[in-house]
Amino acid sequence: MRPTLLLAYPVVLSQLGHTMVNFVDSVLVGRTGTVPLAAVSLGVSSTTVLMILGIGLSMGSVPLVAAADGRRDLPDLARLLVSSVWLSVLAGLALAGLGQLVPSLMHYLGQAPEVEALAAPWVRVISWSFLPLMVFQGFREFAEGLGLTRQAMWLSVLANVLNAALCYALVFGHWGAPQMGLMGSAWATLIARVLMAALMAAYVLTAQRLHIYRAAISSWWPDWATVSRLLNLGAPIGVQMGFEVGAFAAAAIMIGWLGAVPLAAHQVAINLASITYMAASGIAAAATIRVGKLNGSGNLAEARQAGFAAYLLGFGFMAIMGLLFITTRHLAPLMYSHDPAVVAQAGTLLLIAALFQVSDGLQVMGLGALRGLEDVKVPSVVALLAYWAVALPLGYFLGFKLHLGAPGVWTGLLLGLTIVAGVLLVRFRRETSPEYAASLPKPVTAE
């Protein structure tokens, strides 16, 4: 467990960087009123799927880099560096363009007009930040595949400090800045992500410890066979993450049909739950690196042990977070809003969030460990069925047919997470068992 922890804690802090941006935005914007907070919820829900698709796509490089590092294959590592950066830049351009189309689709979501009016311009600015975010991801995932996780951590901390300061200044008009309200948070995020991208690129392209990989680069044009390998892993990861995050976004849209207060309460609870999830996903990323490197070196038994070490860490952490949610469910929402109705509904949702912490932690550990084995397609199918065929229909039935409201929708999500957690645990146990490995066909080698 020790090497997993040493790898994990910088990734945890780096992963938290993505969520802390939304946390700061929500807390500060929530001080300006319930409707702006609901608008942030709508904006985040309608753009996070795009962002997560891109992040998932970039994550395909981690198991490939870890496996190549396990083989000490410098030419392959050089090709992976160049191709992953190219792929991330192209994906960032595509996502930024698609994000500009989101506001024109919002009126089909049945949200309150005053919420939609505030959310649309916020979405347009946030969408431009997807390009620098993907540049950051392209360089970051290569470094983390090599086990260099602290650099992205420090850059994420720096960018979040800058985002918080800019957000405070621009939302409220402090320190001589214009008072922009909700829009101030969007511009703060864009500026912070540009800084993150520039500094991460500078580290990978200039650090002495990475010179050996840069020296092996024969061309700065992408190798399309390597791009194809990255897509074969990254696309299913992005789709799987998109199914999961998309289900939560769809849940937010359904809750928005109930009005601005339930939507604001949902934003409070989901924002807090996403913080613990991203911390757990950092442990899962460490599992991907360790399992990928050990599997690449041909040591499946130790890869299995590394995966289960991550499972234990994830279980312990999320169980503690669940207890924390239960004990603070009436206090934590006060960070975001002093509207009694919002605070009360958010407290109820946090109780449900406490119940699904363990399931959420176990399912993300399973995803991370299986990615280390380059097993990404079956988890995507599992996510599609669990979230979209079970969780959302059940949530709609409980929330609207049985009139349980937002708690009913969240109960459906709880069941979906539990199903995914159970299926992926069974699959990882099978994929790493000595009996299953022995039953696989042996590769044919030339005489």
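For the record, in the sequence shown the residue sitting at position 182 is 1488 according to this note's numbering, with numbers rising by one throughout. The C-beta atom is built at its ideal place from N, Cα and C for all residues, glycine as well. Everything numeric in this text was worked out from a predicted model, so none of it was measured.
Distance between residue 1628 and residue 1664, taken at the CA atoms: about 7 angstroms. Using a Cβ distance threshold of 8 angstroms, residue 1542 and residue 1683 count as a contacting pair. When 1527, 1676, 1399 and 1587 are compared, the shortest CA-CA separation from residue 1313 is found for 1587. Counting along the chain, residue 1582 sits inside the alpha helix (DSSP H) bounded by residues 1566–1602.
Note on geometry: alpha-carbon atoms of residue 1447 and residue 1535 lie some 15 angstroms from one another. Under the criterion of beta carbons closer than 8 angstroms, residue 1416 and residue 1548 do not qualify as touching, at roughly 22 angstroms. With fewer than 16 neighbouring CB atoms inside 10 Å of its own CB, residue 1607 falls in the exposed class. Per DSSP, reduced to three states, the secondary structure at residue 1512 is helical. Under the three-state reduction of DSSP output, residue 1560 falls in the helix class.
Counted as a single uninterrupted DSSP element, the alpha helix (DSSP H) harbouring residue 1715 occupies residues 1712–1737. Here residue 1539 has 1366, 1369, 1370, 1680 and 1682 as same chain residues with Cβ atoms under 7 angstroms from its own Cβ, once five neighbours each way along the sequence are excluded. Contact check for residue 1613 against residue 1738 passes: the beta carbons are separated by less than 8 angstroms. Residue environment: residue 1635 is assigned as buried (16 or more neighbouring CB atoms within 10 Å of its CB, all protein chains considered). For residue 1390, the uninterrupted alpha helix (DSSP H) segment begins and ends at 1380–1405.
Every candidate beta strand (DSSP E) stretch fails here, since none sits fully inside the segment 1423–1483 while reaching 3 residues. Contact annotation: residue 1317 and residue 1394 have beta-carbon atoms that are not nearer than 8 angstroms. Between the segment 1505–1523 and the segment 1452–1465 there are three or more inter-stretch CB-CB distances shorter than 8 angstroms, so the stretches are counted as touching.
Contact between residue 1352 and residue 1408 holds: CB atoms are separated by about 5 angstroms, below the 8 angstroms threshold. Going by beta carbons, residue 1599 and residue 1384 fall outside the 8 angstroms limit.
Around the C-beta of residue 1340, 16 or more other C-beta atoms lie within 10 Å, and the residue is accordingly described as buried.
Between the C-alpha atoms of residue 1396 and residue 1360 there is a straight-line separation of about 10 angstroms.
For residue 1637, no alpha helix (DSSP H) encloses it, and the DSSP letter there is neither H nor E. About 12 angstroms separates the Cβ atoms of residue 1669 and residue 1732, ruling out a contact at the 8 angstroms cut-off.
C-alpha of residue 1545 to C-alpha of residue 1687: approximately 9 angstroms in a straight line. Contact between the segment 1699–1717 and the segment 1560–1576 is established, with three or more Cβ pairs separated by less than 8 angstroms. For the pair of segments examined, the segment 1414–1428 was found to touch the segment 1486–1493: the number of CB pairs separated by less than 8 angstroms reaches three.
Secondary structure at residue 1605: coil, using DSSP grouped into helix, strand and coil. In the DSSP assignment, residue 1347 falls within the unbroken alpha helix (DSSP H) covering 1340–1364. Burial of residue 1677 is indicated by the presence of at least 16 other C-beta atoms within 10 angstroms of its C-beta.
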